[in-house]
Amino acid sequence: TQLLEQSPQFLSIQEGENLTVYCNSSSVFSSLQWYRQEPGEGPVLLVTVVTGGEVKKLKRLTFQFGDARKDSSLHITAAQPGDTGLYLCAGGSGNTPLVFGKGTRLSVIA
Amino acid sequence: KAGVTQTPRYLIKTRGQQVTLSCSPISGHRSVSWYQQTPGQGLQFLFEYFSETQRNKGNFPGRFSGRQFSNSRSEMNVSTLELGDSALYLCASRPQGDLRGEQYFGPGTRLTVT
Chain S
3 TQLLEQSPQF
13 LSIQEGENLT
23 VYCNSSSVFS
33 SLQWYRQEPG
43 EGPVLLVTVV
53 TGGEVKKLKR
63 LTFQFGDARK
73 DSSLHITAAQ
83 PGDTGLYLCA
93 GGSGNTPLVF
103 GKGTRLSVIA
Chain E
22 KAGVTQTPRY
32 LIKTRGQQVT
42 LSCSPISGHR
52 SVSWYQQTPG
62 QGLQFLFEYF
72 SETQRNKGNF
82 PGRFSGRQFS
92 NSRSEMNVST
102 LELGDSALYL
112 CASRPQGDLR
122 GEQYFGPGTR
132 LTVT
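Which chain is which? The protein sequence lines are S and E, in order.
Numbers in this note's numbering are just positions in the first sequence, counted from 1, shifted up by 2.
Numbers in this note's numbering are just positions in the second sequence, counted from 1, shifted up by 21.
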C-alpha cells in the first residue's frame with residue numbers, strides 16, 4: 003500500500019515568514035500533485051511535478067520533486083493570510099487512483 | 022465553463038438510513054471520481070467512473086456504491102448509514118481517463134449521520 007506522509011500537520015505563522023511543508027513516501031511515484039483546500043470548498047490543484055529533481059515556481063510558492071520521486075516539498079516565501087488553507091499532496095503511479103496525504107493545515111496570521 | 026457541482030451541499034441522516042449524493046462534472050469531462058474526506062483519515066478514494074463503467078474501486082464496504090449516466094453525471098449511494106460515515110464527500114472530474122491527469126473537485130457534500 004502506497005502512503006504519503008505530510009509534515010507538519012499544523013503550522014501557524016506570522017505574515018511575512020517563510021515556511022516549508024513536506025510530503026514523504028517509501029514508494030516511487032510517477033507524478034506528484036499539490037492541492038490547496040479552503041474551508042467549505044474542494045481542493046484546487048496548484049501544480050503537478052513529474053520529473054525527479056524538478057522544481058516549479060508559482061509566484062511565491064516553490065515546489066520540488068525529490069530525485070528519487072519519493073518525496074516533495076512546498077516552500078512559501080513571505081506568507082500572506084490568503085495562503086491559509088489545507089495543503090494536500092497526492093501521488094500518482096501508473097493508471098491507479100491518486101494517493102493523498104492527510105495534509106498540512108496552514109494558518110497565516112496578519 | 023461551469024465547475025463541478027454537487028448536490029446537496031449539506032445532509033443530515035440517521036443511522037440505518039440510506040443516502041444518494043449527486044455530482045455533475047465539468048461539461049465534456051468523462052471521468053468522475055469520488056472521495057471521502059475525514060479529519061482522521063484524510064482524502065480516501067471511493068471509486069472512479071469513466072464512460073459509465075466503474076474502472077477503479079477503493080477499499081470501502083459494499084454499502085458504498087455508485088453509477089454514472091450517459092451524460093457523465095454521477096451518483097453515489099450509501100446504504101445502512103453508520104456514524105462513521107459522517108464526512109465530506111468530494112467528487113472530481115477530469116477530461117479523459119488518465120488518472121494522473123489534472124482533476125477538478127466540486128465543493129463537496131457534508132454528510133452528518135446521527
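Glycine is no exception: its CB is placed at the ideal position from the N, C-alpha and C atoms.
What number of angstroms, rounded off, separates the C-alpha of residue i from the C-alpha of residue j?
{"i": "S:T106", "j": "S:G87", "result": "8 angstroms"}
{"i": "S:L100", "j": "S:L63", "result": "22 angstroms"}
{"i": "S:L108", "j": "S:Y89", "result": "7 angstroms"}
{"i": "S:V51", "j": "S:F65", "result": "8 angstroms"}
{"i": "E:G105", "j": "E:S54", "result": "21 angstroms"}
{"i": "S:L21", "j": "S:F67", "result": "17 angstroms"}
{"i": "S:P10", "j": "S:L76", "result": "12 angstroms"}
{"i": "S:L34", "j": "E:E123", "result": "11 angstroms"}
{"i": "E:R115", "j": "S:L60", "result": "22 angstroms"}
{"i": "E:L109", "j": "S:G84", "result": "23 angstroms"}
{"i": "E:I33", "j": "E:T130", "result": "11 angstroms"}
{"i": "E:A113", "j": "S:S29", "result": "24 angstroms"}
So residue i is in the beta strand (DSSP E); what residue range does that whole segment cover?
{"i": "E:R131", "result": "T130 to V134"}
{"i": "E:A23", "result": "Neither: E:A23 is in no beta strand (DSSP E) and is coded neither H nor E."}
{"i": "S:H77", "result": "D73 to I78"}
{"i": "E:K78", "result": "T74 to K78"}
{"i": "S:A70", "result": "Taken as a continuous stretch (DSSP letters only), S:A70 belongs to no beta strand (DSSP E), as it is neither H nor E."}
{"i": "E:F85", "result": "F85 to Q89"}
{"i": "E:A108", "result": "A108 to R115"}
{"i": "S:R38", "result": "S33 to Q39"}
{"i": "E:R51", "result": "Neither: E:R51 is in no beta strand (DSSP E) and is coded neither H nor E."}
{"i": "E:I47", "result": "Neither: E:I47 is in no beta strand (DSSP E) and is coded neither H nor E."}
{"i": "S:L100", "result": "Unbroken run through S:L100: none, as it is neither H nor E."}
{"i": "S:G87", "result": "G87 to G94"}
{"i": "S:V46", "result": "V46 to V51"}
{"i": "E:E136", "result": "The structure shown does not extend to residue 136 of chain E, since chain E is modelled only from 22 through 135, so no value can be given for it."}
{"i": "E:L67", "result": "G63 to F71"}
{"i": "S:S109", "result": "T106 to I111"}
Measure the Cβ-Cβ separation of residue i and residue j and say whether it is below 7 angstroms.
{"i": "E:R88", "j": "E:S45", "result": "no"}
{"i": "S:G54", "j": "S:R38", "result": "no"}
{"i": "E:G35", "j": "E:N98", "result": "Note on identity: in this sequence residue 35 of chain E is Thr, with Gly being the wrong assignment. No; because the gap between Cβ atoms is not below 7 angstroms, this pair is not in contact."}
{"i": "E:T74", "j": "E:S107", "result": "no"}
{"i": "S:C25", "j": "S:G96", "result": "no"}
{"i": "S:L6", "j": "S:C91", "result": "yes"}
{"i": "E:T101", "j": "E:G49", "result": "no"}
{"i": "E:T28", "j": "E:S52", "result": "no"}
With 16 as the cutoff for other CB atoms within 10 Å, does residue i come out buried or exposed?
{"i": "S:A80", "result": "exposed"}
{"i": "E:Y31", "result": "exposed"}
{"i": "S:D69", "result": "exposed"}
{"i": "E:Q117", "result": "exposed"}
{"i": "S:P45", "result": "buried"}
{"i": "E:A23", "result": "exposed"}
{"i": "S:I78", "result": "buried"}
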